[in-house]
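Chains as they are written, first to last, in this note's numbering: chain A, 1 to 272; chain B, 273 to 544.
Beta carbons are placed, not taken as given, at the ideal position from N, Cα and C, and that holds for glycine.
Remarks on the structure that follows.
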């Protein structure tokens with residue numbers, strides 16, 4: 001999916017919601033666990049209940065890999081049941097040297113057919129550029145993450161700028177606004193203002209809203225640009241809004257709540 | 273495998289060779305590709321030909337994931353045919369927030385039964401400690417990698433020390449010499465001297481010898497300690513020493529060449 005189509009989808013759906021598909025086995029409703037391939041079935045019902053409200057799905061590989069090889073079958077089936085026109089992001093946080101990165105790119109972009117993948121910047125340029133070589137696909141680089149450990153290295157001063165700022169400044173030379181996005185955690189929403197000065201046009205993938213406590217209005221205030229420029233992710237707050245028979249309906253209700261707030265923010269921000 | 277057993281294995285085998293199992297489809301001999309599960313069969317023959325000469329095997333997940341879910345079956349079968357007493361390292365370079373990191377740890381340490389995993393430090397403490405909670409297992413943190421991109425961030429001055437030095441200094445508080453190792457590329461062998469001052473006792477996993485051009489004697493000169501403290505990895509130079517019917521025999525010959533050199537270096541270093 002290219003940038004033009006992504007922006008149009010945001011305007012059409014009046015939403016910049018990304019739903020994180022983190023099918024945590026310990027939280028999947030018991031009645032779903034009784035069905036064949038519960039991981040897939042849980043995702044399928046979530047997707048069926050929410051696909052008109054979001055513009056992206058972001059399955060996190062850890063939840064699939066934890067099931068062994070069969071979990072990757074569930075991953076593939078999950079991707080296949082996401083309707084066309086919705087961005088699919090493999091939250092894999094891969095990062096390896098050149099020829100190995102190429103294999104990861106091939107796996108996620110070709111075999112699984114994802115539109116985008118999250119990538120770790122620690123190993124530098126040749127670990128990132130193999131992903132950027134795919135037209136109409138996205139590399140989403142970790143910049144400032146939403147976990148406590150982000151302060152260990154990402155917030156350290158690195159020759160005059162924080163490491164995450166250096167990651168952005170250096171990597172923006174490797175790709176363009178059309179194939180490169182950044183992960184910026186909502187728990188540091190005030191930092192979005194400085195990031196927007198640095199990269200006014202790039203899309204930002206923002207986790208940490210919802211269960212992790214970040215504020216959607218703060219994110220929009222500091223991070224929204226004329227094209228929206230934001231994908232705000234929610235996982236647990238939607239997926240596990242209920243653990244009963246009504247889990248999909250409750251997931252839809254929470255997605256509607258977020259989409260409604262997003263619609264107002266898009267209008268206020270002049271995107272609509 | 274604990275530290276005591278690893279050191280004893282190094283002394284018994286007079287080797288600190290780690291063989292990287294990177295079954296690159298484009299380089300697997302044609303006659304192996306005609307067999308069922310060629311990825312596994314290639315690894316099996318390499319392991320059969322080399323297991324008395326090395327102390328560790330390091331399969332890189334990218335080469336298995338590139339085959340889709342069936343590649344993970346090949347990965348599991350590969351691990352199962354590695355003889356007991358040899359360290360198994362999942363070269364996965366994972367790194368994610370706490371609960372997700374726990375799932376990766378469970379997957380690699382419990383489901384696949386690996387002794388060790390490589391981990392990316394960018395997301396900080398809570399992305400690393402879930403791996404360290406497993407007794408008799410190892411977390412191998414990327415510090416200074418052997419690729420060109422290492423200079424983009426790892427070699428930047430970060431509040432008075434290079435980022436990779438800060439990664440080591442900070443993370444050595446999270447684990448111990450008994451559960452934490454570091455990746456230090458052989459292409460920067462001279463930097464091993466400074467790293468040894470910083471961490472005299474930790475094991476270092478050293479890629480980049482062989483096809484990537486690093487020198488084994490330089491690595492030993494700067495990096496060896498009284499327990500050896502080194503695992504030197506070779507992948508392509510062993511796996512693809514020949515692409516004919518004699519590939520396993522040629523792999524063995526190259527492994528013997530390295531083990532012979534390592535034996536002399538261990539004796540000269542006072543480890544034997």
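One alpha carbon belongs to residue 58(A), the other to residue 276(B), and they sit about 43 Å apart. Straight-line spacing of the CA atoms in residue 106(A) and residue 338(B) works out to 7 Å. Residue 504(B) and residue 421(B) have their C-alpha atoms spaced approximately 21 Å apart. Residue 417(B) sits in coil when the DSSP states are folded into three classes, being neither helix nor strand. Take residue 235(A), set aside five residues on each side of it, and the residues of its chain with a beta-carbon closer than 6 Å to its own are 20, 22, in chain order.
If one requires a minimum length of 3 residues, the beta strand (DSSP E) runs lying completely within the region 493 to 527 of chain B are 502 to 506, in chain order. One thing to note: residue 174(A) has its Cβ no nearer than 8 Å to the Cβ of residue 142(A). In terms of Cβ geometry, residue 425(B) and residue 453(B) do not form a close pair [threshold 8 Å]. The beta-carbon distance between residue 272(A) and residue 16(A), rounded to whole angstroms, is 11 Å. This is too long to meet the 8 Å contact definition. Within the region 118 to 140 of chain A, the residues whose Cβ lies closer than 8 Å to any Cβ of chain B are, in chain order, 120, 121, 122, 123, 124, 125, 126, 127, 128.
The region 187 to 198 of chain A makes no contact with the region 124 to 140 of chain A: fewer than 3 CB pairs, one atom from each, lie closer than 8 Å. Leaving aside the five residues that flank residue 120(A) on each side, the residues in its chain whose CB is nearer than 6 Å to its CB run, in chain order, 93, 95, 142. Interface residue (Cβ-Cβ distance to chain A less than 8 Å): residue 375(B) is classified as such. A straight line joining the alpha-carbon of residue 324(B) with that of residue 167(A) spans about 43 Å. Cβ atoms of residue 373(B) and residue 399(B) come within 8 Å of each other, at about 5 Å. For residue 10(A), the closest of 85(A), 45(A), 71(A), 64(A) by C-alpha to C-alpha distance is 85(A). Between the alpha carbons of residue 300(B) and residue 353(B) lies a gap of roughly 19 Å. At a cut-off of 8 Å between beta carbons, residue 345(B) contacts chain A. In terms of Cβ geometry, residue 491(B) and residue 539(B) do not form a close pair [threshold 8 Å]. DSSP links residue 531(B) through a beta bridge to no other residue.
For the 8 Å CB-CB criterion, residue 410(B) and residue 387(B) form a contact. Per DSSP, the beta bridge partners of residue 486(B) are 481(B).
Look at residue 157(A) here: in three-state DSSP terms it is strand. For residue 384(B), the closest C-alpha among the options 124(A), 60(A), 68(A) is that of 68(A). Residue contact check for residue 159(A) against chain B: a CB pair falls below 8 Å.
Under the 10 Å beta carbon count, residue 249(A) is surrounded by fewer than 16 other beta carbons and is classified as exposed.
As the crow flies, the alpha-carbon of residue 449(B) is around 33 Å from that of residue 525(B). Between residue 263(A) and residue 14(A), the C-beta gap is smaller than 8 Å, which places the two residues in contact.
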